[in-house]
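Chains as they are written, first to last, in this note's numbering: chain A, 1 to 303; chain B, 1001 to 1299; chain C, 2001 to 2425.
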């Protein structure tokens, strides 16, 4: 289901059907319903995004204006909240963003080759072992992380990586995230024609080479899905950084927010300023890769 | 010569791939399977960091669960929240999807916006909602000012209201996801079906019941299952919003496990409760998927 | 070409390691300093600047130490310390924790007793099984009732109530004037329990100082009739509408602002509240001890103090030195007196010696410490042998929150007895 085909069909569904059937209603009335529909949709969407709207506008308003009318537009806008948030002595925002970036980027950069190589390897095999391994892996998708949290910390302590970035990243690699990557890749690799791989094999290409040079380019949409979703999830993760990383190694953006402003949130201006800065990056990311994002979800739910 | 080198290269390439695959599986075993087994083992002990020695106590932790009021309350809360949010978020998702399933630019903008709550981290979501819902929060201030309320309402401060408020926030987050899933499902409905229906004069609610709804079934399966599992393991939003209070009334089983293991020194018992949550998640996920999949076929 | 992914993986792995080294460890090693972690907590009055300044000052007196501050994420710092301990990063120094929660596991190292005896007015105020884990630098009364004189006047209440009947009468008068009688920051469990701490300390411990010891010996129970009667007083306050209906949704920090800006007339809170009394309207606030049936004064007293030392600290001697320097630093005490309402307990010093400016209500409240009156251990707050068993504080707080919405006093108290049994095992 590509975006283009969907769009044309939609247009047909709305207005272009006259060739097949007579228009169900006279045209003016239809235009009114179309317009009413936009209005209803817009109203519903507005109510829905009100909290995000609040976060956006109030980040640029002083405390007294927020309390006077939280919905009002920030005019004239003040940058006080943002500068205050950025000039905190504990460097909450810059450090948090940096740490989150490190964890998310490295975790995803490692999960993608591991997950796809594993999926390729296993999808070329058959039999009961493969089935069992795949079921065991997909079970990882539903295991609540609270169940494995404490033993994971113990294991990291045994290998001397407790409360460190490598430890957190290792825990990310082995947990449910890998399950998700394998889940997506196996689905896509099923659709890679066997002939291509056989041909490459006859040419003398090794498994590693076939995987990297032939299969990976073919499953690029799967990689996009895995990269986008895992980056988002690991970026937003709370439990693992809170317990596995702990307070001494510098906070990720989520735990940083929790540990520093959990206490007293009386100054709404400050709070919204910090939230705005902490949230703006994933939102920008989402807006830029939006198409792949939706495509990923669509293909995921179709499988 | 040439040939042998190629073969050696190829063999090392095979081994390389197998090695990567084995590494992935190994990581999964060490950081998911092993912790699970350790947790299972611990659930049969009285493990407690305050004590020097732990003993195997058989099923004592499991029998203790039967009489644990906090556990019962947490399970009730978790299940009500999970099913309540799933129903609400999926109903909203279908509604949104039907409403937004159009091509013009304004609809595309609205679709983009509807997914935003999913992008923000639970911590941010919860903090923003807290400023809205807290006793002196924006909602109470507004409602009192326009005269709808005489005095601030305890949105987070009474057990029932807090359950409702958390449900509202989580539904808000999940609806973005369900909307996108249902939109995708809607768009996979073959156009001819609608055209045929139009020829037969099937319209409006009837068309929804007879065509759209059955065709949404695969989307429903995914969306319902993921909503349920997400709520069962939810931690961040509740922790920030209420911390499990007031009086532990919003303490989900996931929160209870963490509290038992990390602050109440009851690691063994926490492991037993964790096993219960694991079993519950598996049961819910498998039955719901099973039922919905069968429904997909029968529809 | 073939090695590319492996190479990429290796590079990424290396990156991970360097990143960790770059931001980890907290530094200090290269200059020969020992890094110690120090768990503190922030409140509206004890803010980040206070902790940073006090750490700098005490570090200057303790050569070779480098302090890494950890801030507890909520008011439940015992819980957070436990959490850190469970995940293998128990701090080396822990400010104002409840030692009894940790001593059982041998996690804390006691201070040198000759140093304690030499420096403090009440050396045994925090003594737990003969050892002192927290220097008794100051003391607290938990709770006192603070009141707004102007609101009292408006409601026609002439003097601060001393008996329970007068207290109820004052509440009724305030309520009749549409003034919220009692402020409660019920969203934070410890704050939610304040009225209950007052009632139990005054009515039960006021009559039997050894009640907690008797409870340890199983001679008394929470479910006993006198306790049920006492706790029912709390239900009376709730059902009469003397708290804001949404009090369980009010955060501790908000409750302070609400009271100081005149939203409620009375505020039962630990004496640290005195640090939050606004300077410009300080004369408008007064305090009185939690009222008893016959008007006898009972003072729920706690030996407060500074920090405990982890027995597993990298360098316990150095940690103790830092703790001693911090505890005796007059600048810290000055800040604690002024912003946290601490009643100083250092030998040979009067309030004047600290060069502090305090409010009238502080002096009035502090007077109860020096007077010869019926001082009892504040239940749930004592850091000496009267401390509750590990985990019972949480149960006590939860009961306080539960009783705000539920009528089942006997049932909640029975739960406390059961929790006690589990904890004592």
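In this text, a Cβ means the ideal position worked out from N, Cα and C, and glycines have one as well.
Treat the numbers as computed from the prediction; the structure is a model and nothing was measured.
Those residues of the segment 1252-1263 of chain B placed with their C-beta closer than 9 Å to a C-beta in chain C are 1258, 1259, 1261, 1262 and 1263, ordered along the chain.
Taking each of B:1245, B:1219 and B:1251 in turn and checking the Cα distance to residue 1233 (chain B), the smallest one comes out for B:1251. Residue 2409 (chain C) and residue 2201 (chain C) do not touch by the CB rule: their CB atoms are close to 17 Å apart, not below 8 Å.
Within the model, the alpha-carbon separation for residue 232 (chain A) versus residue 1285 (chain B) is close to 24 Å. Rounded to the nearest angstrom, the Cβ distance from residue 1249 (chain B) to residue 1182 (chain B) is 32 Å, too far for a contact under 8 Å. Excluding its 5 nearest sequence neighbours in each direction, residue 2279 (chain C) has C-beta neighbours in its own chain below 8 Å: 2359, listed in chain order. For residue 2355 (chain C), there is no enclosing beta strand (DSSP E), since its DSSP letter is neither H nor E. At a cut-off of 8 Å between beta-carbon atoms, residue 2177 (chain C) makes no contact with chain B.
With respect to the 8 Å criterion, residue 1178 (chain B) and residue 1090 (chain B) are classified as neighbours on the basis of their beta carbons. Within its own chain, the residues whose Cβ lies closer than 8 Å to the Cβ of residue 2079 (chain C), once the five positions on either side in sequence are excluded, are 2394, listed in chain order. Only those residues of the segment 231-247 of chain A whose C-beta falls short of 7 Å from the nearest C-beta of chain C are listed: 243, 246 and 247. For residue 2390 (chain C), the chain B residues whose Cβ falls inside 8 Å of its Cβ are 1050 and 1265, in order along the chain. The Cβ-Cβ distance between residue 2091 (chain C) and residue 2137 (chain C) does not fall below 8 Å. DSSP places residue 2232 (chain C) in the helix class (H, G or I) of the three-state scheme. Of all residues in the segment 1038-1067 of chain B, the ones placed with a Cβ closer than 8 Å to any Cβ belonging to chain A are 1038, 1039 and 1042, in chain order. As summarised for the segment 1107-1158 of chain B, the continuous alpha helix (DSSP H) elements at least 4 residues long and confined to that stretch are 1116-1119, 1122-1133 and 1138-1145, given in chain order. What residue 1134 (chain B) touches in chain C, judged by beta-carbon distance under 9 Å, is 2187, 2249, 2250, 2251 and 2254, going in chain order. Nearest Cα to residue 273 (chain A) within the set A:79, A:160 and A:173: A:79. Taking a Cβ-Cβ threshold of 7 Å, none of the residues of chain A is close to residue 2260 (chain C); the smallest such distance is about 12 Å.
With a contact defined as Cβ atoms closer than 8 Å, residue 269 (chain A) and residue 30 (chain A) miss out at about 47 Å.
Within chain C, the C-beta atoms nearer than 8 Å to that of residue 1153 (chain B) come from 2246, in chain order. The Cβ atoms of residue 2255 (chain C) and residue 2141 (chain C) do not sit closer than 8 Å to each other. Excluding sequence positions up to five before and after residue 119 (chain A), its CB lies within less than 7 Å of the CB of 182, 185, 186 and 189, all in the same chain and listed in chain order.
Boundaries of the beta strand (DSSP E) harbouring residue 2141 (chain C): 2138-2141, taken from the DSSP string. In the structure shown, residue 153 (chain A) adopts helical secondary structure according to DSSP, grouped into three states. At least one CB atom of chain A sits nearer than 8 Å to the CB of residue 2070 (chain C). Between the alpha carbons of residue 1134 (chain B) and residue 2062 (chain C) lies a distance of about 44 Å. In its chain, beyond the 5 residues on either side, 95 and 99 have a beta carbon closer than 6 Å to the beta carbon of residue 250 (chain A). Around the beta carbon of residue 127 (chain A), a 10 Å sphere encloses fewer than 16 other beta carbons of the protein chains shown; the residue is thus reported as exposed. DSSP places residue 2322 (chain C) in the uninterrupted alpha helix (DSSP H) bounded by 2316-2328. What residue 258 (chain A) touches in chain C, judged by beta-carbon distance under 8 Å, is 2073, going in chain order. At a Cβ-Cβ threshold of 8 Å, residue 2134 (chain C) and residue 2307 (chain C) count as neighbours. DSSP places residue 279 (chain A) in the uninterrupted alpha helix (DSSP H) bounded by 268-288. Between residue 48 (chain A) and residue 1236 (chain B), the beta carbon gap of about 21 Å keeps them out of contact (Cβ cut-off 8 Å). Sequence-distant Cβ neighbours of residue 2244 (chain C) in its own chain, meaning closer than 6 Å and more than five residues away, are 2180. Approximately 44 Å separates the beta-carbon atoms of residue 103 (chain A) and residue 39 (chain A); this is outside 8 Å, ruling out the contact.
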